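So the structure is just underneath, and the comments pick up after that.
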Amino acid sequence: MVDTAITRGKRPRLTPIALANLDAWVRSPRVVAMLLCLLVYCAMEALADAQMMQVRGVAITLTVPELIFIKLNNGFYLMASLLFLVMISEIPRRINYQNYMLMRATRSRWVLGQCLYCLWLVLLTILVLVVFYAAMASISSGWGGGFTENALIAQGQYEEYESLVPQFVRYGMTPWTACLLAAVPLFFFWMTMVLIILVLGLMGQPLLGPMIYGVLLMAQVTIFWEALPASFPLPYHFANLNIITAAYPEQELQRLTNVLLGYVGLCAGLVGLLLLVGRRADFVFYTDNKE
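The numbering of the sequence shown is our numbering, which starts it at 1245 and goes up by one.
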């Protein structure tokens, strides 16, 4: 376990609490197994993209940043989210070390430390996902310096509406800026997921959160979505950039801004709820959990 202010008997800041949880997380065999699955998944996706990236039946070669954007824009949602859900299905981790943190920190400080830990989990997993995919995609694609599709469309190889990268992205930002933009909805989708799982975990229902999100993630392929009212909001509608903006031509950034503001409000509300629940929660941690 990491050497922190907790083990030295000092009143810990948020960072040592989050680091202690992160240290236990990365040592989990389940997480190691899911990271290997994530690597295999990225390899399969990169191989498939190299063979199937085409428009009008003609193969096109895009740069690695463009491919990363396309995956963040519309490709990583389902499988990556399921793998991430398995990796974070136990929040907070029920290990005896939590008792040391609780003895040396207030409940509110401990809860905020868990929130910081959740933030790091999401950022780290997205970073690993992008790095794995970029490493695999670079085998068959170059890194480039701009959007290849701009030149292809100018040459008349295909039309604007057939492009794989949206027009507002290609003419308004660089490929790497576009990747950062596309990563933001995925970040908030996952951050909301882990905070809800944390809330239910503190309320004594640690399995309920993963079950709910497992159903929601798989419902895209198991439920007849078209039977639901068109205005009925589902988590799937806010999972990635493409789904959020596709129905709002020429208003994409405004739509994205509105959704992100909603996410910020939701996450802030969940943190507030966590602080309330944390004051009354009956914390039970034990050493038998070896995962």
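C-beta atoms are modelled at their ideal positions from N, C-alpha and C, and glycine is treated no differently.
A quick note: this is a predicted structure, and the numbers were derived from the prediction, not measured.
Which residues does DSSP pair with residue i in a beta bridge?
i	result
Q1541	Absent from the structure is residue 1541, since the part of the chain shown begins at 1245 and ends at 1535.
Does the Cβ-Cβ distance between residue i and residue j come in under 8 Å?
i	j	result
A1427	L1316	yes
D1293	A1381	yes
P1309	P1429	no
A1303	M1297	yes
V1438	C1362	yes
A1287	Y1341	no
P1477	S1333	no
Relative to the C-alpha of residue i, which candidate in the options has its C-alpha closest?
i	options	result
Q1358	I1397, A1483, L1266, V1275	L1266
R1348	R1257, I1339, L1373	R1257
H1481	E1494, Q1495, L1500	L1500
F1433	R1271, G1506, G1516	G1506
Buried or exposed for residue i, going by 16 or more other Cβ atoms inside 10 Å?
i	result
R1523	exposed
W1387	exposed
A1398	exposed
N1502	exposed
A1268	buried
E1393	buried
P1273	exposed
Y1202	Past the edges of the chain, shown from 1245 to 1535, lies residue 1202, and the structure says nothing about it.
V1276	exposed
I1383	exposed
Assuming residue i is part of the alpha helix (DSSP H), what are its boundary residues?
i	result
V1515	1496 to 1524
G1445	1419 to 1446
W1387	No alpha helix (DSSP H) holds W1387; DSSP gives it neither H nor E.
G1309	Inspection of the sequence shows that residue 1309 is occupied by Pro rather than by Gly. Where P1309 is concerned, the enclosing alpha helix (DSSP H) stretches over 1308 to 1314.
I1261	1258 to 1270
F1527	First-last for F1527: undefined, no H or E at that position.
Does the distance between the C-beta of residue i and the nearest non-hydrogen atom of the ligand NAD fall short of 7 Å?
i	result
A1264	With respect to small molecules bound, the structure shown includes none, and the ligand NAD cannot be examined in it.
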